[in-house]
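> Read top to bottom, the protein sequences are chains A and B.
All residue numbers for the first sequence refer to the numbering used here, where the first residue is 63 and numbers rise by one.
All residue numbers for the second sequence refer to the numbering used here, where the first residue is 10 and numbers rise by one.
Backbone N, C-alpha and C fix where the C-beta goes; we use that ideal spot for every residue, glycine too.
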Amino acid sequence: MRTATICGYATSTVKHPSLDGWRLLIAEPDSPDLAPQIVLDNLGAAIGQQVLISSDGSEARKMVGDNLSPARWSVLGIIDPERSLAI
Amino acid sequence: MRMGTVIGRVTLAVRNKRFVGERLLLTLPWKSETFGGAAKFAPAIVVYDELGANIGQHIAISEGREAACPFPKPTPVDAYCAALVDEHFYQNKP
């Protein structure tokens, strides 16, 4: 799991059928070792918000309801900045 | 999924028996700087494509174990073109 900031979104017409209707957000991880990822979101994260993302593909496949989906990254939660702490 | 730009095709003369009618794209994955407009990319990778992406097009690349998920039989694929990106919007972190 990584914390990341939502920096944008992508739109796509031709895509794997399991991704139909899904919001594809661009999440930039806070640690620079990982490139920005296109993530699935069903929580309604907005641009500028900090989120928790996970690379658990089995959770992503459950979200889209398709065992043959190539989806990997998904938003697990939106971070509450006032109650999160980093030293 | 990383974003990527298609820069070429790879055609096999001899293939793994799991590959049938495969379409392989040589792709430059994007880095953080790429989203900001810089022509800096991660090292090129080969991506399995079933959607028909063209050279120059932007795609979403699914990597790791999930890249092999769309195949009903076990297939040795670790990068898969999951979407052809029409448009994207990006703004730098505040």
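#1: Residues in the region 71 to 99 of chain B with C-beta within 9 Å of chain A's C-beta atoms, listed in sequence order?
#2: With a CB to CB cut of under 6 Å and the five nearest residues on each side skipped, what residues in its chain are close to A/Leu138?
#3: State whether the region 39 to 48 of chain B contacts the region 84 to 104 of chain A, with contact taken as three or more CB pairs (one from each stretch) at a distance under 8 Å.
#4: Indicate whether B/Leu60 and A/Val126 have their beta-carbon atoms separated by less than 7 Å.
#5: In chain B, which residues lie less than 7 Å from A/Thr65 when you measure between Cβ atoms?
#6: Using 7 Å as the threshold, is the C-beta distance between A/Thr73 and A/Gln112 below it?
#7: How big is the Cα-Cα spacing for B/Arg11 and B/Ala22?
#8: What residues in the region 31 to 49 of chain B bring their beta carbon closer than 9 Å to a beta carbon of chain A?
#9: Using only the heavy atoms of the ligand ZN, determine whether one of them is closer than 6 Å to the beta carbon of B/Leu21.
#10: Would you say B/Pro103 lies against chain A (beta-carbon separation less than 7 Å)?
#11: By the DSSP assignment, the beta strand (DSSP E) with B/Thr98 in it spans what residues?
#12: Mind reading off the beta-carbon distance from B/Ile54 to B/Ala77? Whole number of angstroms is fine, and I expect it under 8 Å.
#13: How about B/Pro103 and A/Gly106: are their beta carbons less than 7 Å apart?
#14: Using the three-state DSSP reduction, which class does B/Glu31 fall into: helix, strand or coil?
Considering the structure as presented:
#1: Result list: Ser71, Glu72, Gly73, Arg74, Glu75, Ala76, Ala77, Cys78, Pro79, Phe80, Pro81, Tyr89, Cys90, Ala91, Ala92, Leu93, Val94, Asp95, Glu96, His97, Phe98, Tyr99.
#2: Leu114, Ser116
#3: Output reads yes: the region 84 to 104 of chain A touches the region 39 to 48 of chain B.
#4: Contact annotation: B/Leu60 and A/Val126 have beta-carbon atoms that are not nearer than 7 Å.
#5: Residues of chain B passing the Cβ test: none, with the nearest at roughly 12 Å.
#6: In this structure, A/Gln112 does not lie closer than 7 Å to A/Thr73 by Cβ.
#7: 29 Å
#8: Pro38, Trp39, Lys40, Ser41, Thr43, Phe44
#9: In terms of ligand content, the structure shown is empty, and the ligand ZN therefore cannot be addressed.
#10: yes
#11: Per the sequence shown, the amino acid found at residue 98 of chain B is Phe instead of Thr. Note, B/Phe98: beta strand (DSSP E), 88 to 99.
#12: Actually they are not in contact, since the Cβ atoms of B/Ile54 and B/Ala77 sit about 15 Å apart, beyond 8 Å.
#13: By the CB criterion at 7 Å, B/Pro103 and A/Gly106 fall outside the cutoff.
#14: coil
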